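Working notes for the structure below.
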Amino acid sequence: LGCDSTQGDGLASGAAQALLDAVHHSFVPDKAVILIDLGVEEESLWWQRHNPEALTMVQAHFKAHAGAGPTVFVCANYVCQAPTTDTHKVLELMAFQAAGQTPVLRPVTGLSGL
């Protein structure tokens, strides 16, 4: 889950909590949930050192979609679905993951800098 609290809602917001509830709704073995708030400098520095690819993905999304609010990135086997702010879409994507299936991939736009 990524957000930029300098542009809008942070991780403590109701929108972020609703998305986290949707992520945790389905049991997915080996699921890892990471939270990146670009508005917290120390956090960005930590992600730059430990997982720069994840940070770059979140930064590129919020650069292309300023003010988008908390956004979920569902990835498996180094392939990510289009980012979403829709809790119903998150539930759908997580249900596919729980069933061991991959939803039909849709191209991700606005991330050409990756």
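Start counting at 1 in the sequence shown, then tack on 76, and there's your number in my numbering.
Glycine included, C-beta positions come from ideal geometry on N, C-alpha and C.
Because the structure is a prediction, the values reported are computed rather than measured.
Here's a check: name, in chain order, each residue in its chain whose Cβ is nearer than 6 Å to the Cβ of residue i, leaving out the five neighbours to either side.
i: C156; result: F149
Of all the options the options, which has the alpha carbon lying nearest to the alpha carbon of residue i?
i: L167; options: Y154, W123, G86 and L96; result: L96
i: Y154; options: K165, A140, T163 and M133; result: M133
Residue i and residue j: beta carbons closer than 7 Å?
i: T161; j: G145; result: yes
i: G115; j: T147; result: no
i: L131; j: W123; result: yes
i: P159; j: H126; result: no
i: D85; j: A91; result: yes
Tell me the DSSP secondary structure of residue i in three-state form.
i: T160; result: strand
i: V155; result: strand
i: G90; result: helix
i: T82; result: coil
i: V116; result: coil
Am I right that residue i and residue j are in contact with their C-beta atoms under 8 Å? What's the rounded C-beta distance?
i: V99; j: M170; result: 6 Å
i: F103; j: A174; result: 6 Å
Less than 8 Å between C-beta atoms, sequence neighbours within five positions excluded: which residues of the same chain meet that for residue i?
i: L87; result: L77, C79, S81, L111, D113 and P146
Whose C-beta lies closer than 7 Å to the C-beta of residue i among residues of the same chain, with five residues either side of it excluded?
i: Q135; result: L114
i: H101; result: L167 and M170
i: S89; result: P146
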